[in-house]
Amino acid sequence: MDVLDLARMQFGVTTVYHFLFVPVTIGLSMLVAILQTMWRATGKTAYLRATKFWGKLFLINIAMGVVTGIVQEFQFGMNWSSYSRFVGDIFGAPLAFEALLAFFLESTFIGIWIFGWDKLKPALHLACIWLVAIGTVASAYFILAANAFMQNPVGYQINETAGRAELTDFGAVLTNPVVLSAFPHTIFASWLTAGVVMIAVSGYHFQQRRDLDVHRPALRLGVLTTLVGGLGTTLSGDALGKVMTSTQPMKMAAAEALYQTTYNAPFSVLTIGSLDGRHGTPIIEIPGLLSYLGTGSFNGEVQGINDLNAQYQTLYGAGDYVPYIPLTYWSFRLMIGFGLLAIAMAVIVWWFTRKGGNPTHRLFWPIAMWMVLTPFLANSAGWIFTEMGRQPWVVFSLLETEVGVSPSVGVRTVAMSLIGFTLVYLMLAVIALKLFLKYAKAGPPSEEDALAGASGPGTDPEKPMAFAY
């Protein structure tokens with residue numbers, strides 16, 4: 001392997017690992033806020049206990065997300081300095097807003113929420129967790145805006161003298177058609193992920209038949225969130241597919257391994273092809289579906305890989321502008337397939353727990369708990385498709401990936417950092433999983449403990465702020 005391969009591998013490992021925590025953070029922040037709102041609205045202690053319980057799991061997750069996210073930005077300077085020099089004027093702007101606005105909002109009010117249970121007025125304390133939820137969503141938007149520029153560069157001009165792209169319209173960057181489509185898709189996918197996590201954890205306690213007064217409303221909330229997130233992900237994914245076809249037609253063609261421009265293009269559920277992906281034989285396909293996904297019409301034209309590659313060679317010079325087809329083809333289907341499995345699981349759990357039911361079959365809840373993996377696999381497959389489908393560009397049509405890598409970093413340096421990060425991340429994964437499982441299995445606090453830690457201001461003005469968990 002050369003430096004380019006290792007640098008891409010390292011960024012892929014850190015990105016996919018980081019994104020295991022991001023959707024849960026976005027989704028759980030909203031769900032914890034909803035649970036606390038329900039407590040304030042109804043006065044039922046079960047909602048307070050659920051808020052405390054899920055708040056603790058949320059904090060474990062957000063801590064891991066912050067730690068793994070910091071590494072992402074370091075890599076731009078370490079392994080991708082040429083890329084950073086070329087687009088830093090543009091790429092850095094939304095990231096700066098994310099750090100100075102969204103992340104500060106999120107991190108400040110999560111601290112106030114943690115330590116303010118017995119110091120703040122109830123309405124003010126509730127507002128803190130909602131501000132955290134807003135901060136996580138805003139953070140996602142700015143980061144997706146930066147990524148959208150890599151997919152569809154807008155709002156820039158090329159400074160030939162300096163040899164770099166310069167920002168001319170920040171508003172265009174923030175309203176990039178790609179981010180306007182990718183943002184709701186990501187948020188809905190986050191809700192789906194957090195909903196499935198809530199179902200799985202609540203399912204464990206249903207299996208143990210313990211604290212069902214707390215976990216039944218949480219389970220119902222998880223089911224509802226999963227279904228809303230699943231429907232939203234499907235609809236927003238349809239819109240994103242049409243934007244992708246207009247801005248990155250090669251990615252859409254690669255998603256289907258469609259080599260020839262076709263009207264009424266089918267979508268294949270299964271294709272048997274050569275190892276290099278150059279030839280494929282559809283086994284199961286749905287006529288016209290790819291045309292609809294890409295154009296909104298079952299008879300629409302979808303450009304093929306061969307024609308697009310010839311066009312790109314004319315525009316950008318000799319070369320191969322085709323991404324690795326087997327990976328794009330299967331990651332696209334795994335994203336859809338695992339997402340549909342998560343939705344199906346939520347429907348099944350809703351059906352068998354309606355009207356106060358609790359399934360007694362010994363395999364029901366273990367299967368439901370293991371299904372927690374499906375949204376994480378779907379999210380990972382989606383990011384792999386998004387980034388690999390853009391290849392060989394690091395910034396589509398402007399900068400090829402091989403040009404963006406740091407020129408002065410050697411193979412040994414990148415290999416050592418790759419091994420180091422992988423081992424550290426593996427260790428952190430074990431720690432995070434053990435912590436999450438430990439507190440998930442422990443269950444919610446007792447009614448007395450929950451009320452004692454949510455007494456509001458005025459009980460003891462001299463008492464210092466203390467960690468509420």
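First residue of the sequence shown: 1, per the UniProt record's numbering; consecutive thereafter. Even glycine gets a Cβ: it sits at the ideal position worked out from N, Cα and C.
Using a Cβ distance threshold of 8 Å, A346 and T226 count as a contacting pair. P153 sits away from A46, with the two beta carbons spaced by 8 Å or more.
Cβ contact annotation for L219 (same chain, cutoff 8 Å, sequence separation greater than five): M198, I199, S202, G203, F206, V349 and T353, in chain order. Membership of A162 in any alpha helix (DSSP H) is not indicated, and neither H nor E is assigned to it by DSSP.
The C-alpha of P444 is placed about 56 Å away from the C-alpha of L308. Here F267 is bridged, per DSSP, to I286.
Taking a C-beta distance under 8 Å as the contact criterion, F421 and T15 do not qualify as a contact pair. Counting along the chain, the unbroken alpha helix (DSSP H) around V403 starts and ends at T401 to G404.
Here K56 is buried: its Cβ has 16 or more other Cβ atoms, across all protein chains shown, within 10 Å.
In this structure, R49 and V214 form a Cβ contact; the two beta carbons are roughly 5 Å apart against a cut-off of 8 Å. For I26 and Q391, the gap between their C-alpha atoms comes out near 28 Å. DSSP places V154 in no alpha helix (DSSP H); its state is neither H nor E.
By DSSP's assignment, T262 forms a beta bridge with V302. The residue from T261, I305 and I112 with its alpha-carbon nearest to that of K251 is I305.
For the stretch 74–117, the full-length alpha helix (DSSP H) segments reaching 4 residues or more read 81–97 and 104–115 along the chain.
DSSP places V395 inside the beta strand (DSSP E), whose first and last residues are W393 to V395.
Nearest in C-alpha terms to A442, of all of R210, F58, S406 and K121, is R210. Residue environment: F142 is assigned as buried (16 or more neighbouring CB atoms within 10 Å of its CB, all protein chains considered). Look at Q72 here: in three-state DSSP terms it is helix. In the DSSP assignment, A368 falls within the alpha helix (DSSP H) that extends over F364 to W370. By the C-beta criterion, the stretch 144–158 is judged not to be in contact with the stretch 117–133, since fewer than 3 inter-stretch pairs fall below 8 Å. Look at D2 here: in three-state DSSP terms it is coil, with no helix or strand label. DSSP places P407 outside any alpha helix (DSSP H), giving it a letter other than H or E. In this structure E387 is buried. Its beta-carbon is surrounded by 16 or more other beta-carbon atoms within 10 angstroms. Beyond the five residues adjoining it in sequence on each side, G237 comes within less than 7 Å, by CB distance, of H185 in the same chain, given in chain order. A direct Cα-to-Cα measurement between Q208 and T360 gives close to 11 Å. Of the candidates V424, Y324, F183 and L418, Y324 places its Cα closest to the Cα of I384. Judged by DSSP in its simplified three-state form, V173 adopts helix. One Cα belongs to V173, the other to A145, and the distance between them is close to 7 Å.
The Cβ-Cβ distance between V132 and S29 falls below 8 Å. In terms of CA proximity to V137, F183 leads the group V178, G116, Q260 and F183. Boundaries cannot be given for N358, as no alpha helix (DSSP H) includes it and DSSP labels it neither H nor E. The continuous stretches of alpha helix (DSSP H) do not include S297, and DSSP gives it neither H nor E. Taking the Cβ atoms as the reference, V24 lies roughly 5 Å from N61, within the contact range of under 8 Å. A318 sits exposed, since fewer than 16 C-beta atoms from the chains shown fall within 10 Å of its C-beta. M335 is classed as buried because its beta carbon has at least 16 other beta carbons within 10 Å across all chains shown.
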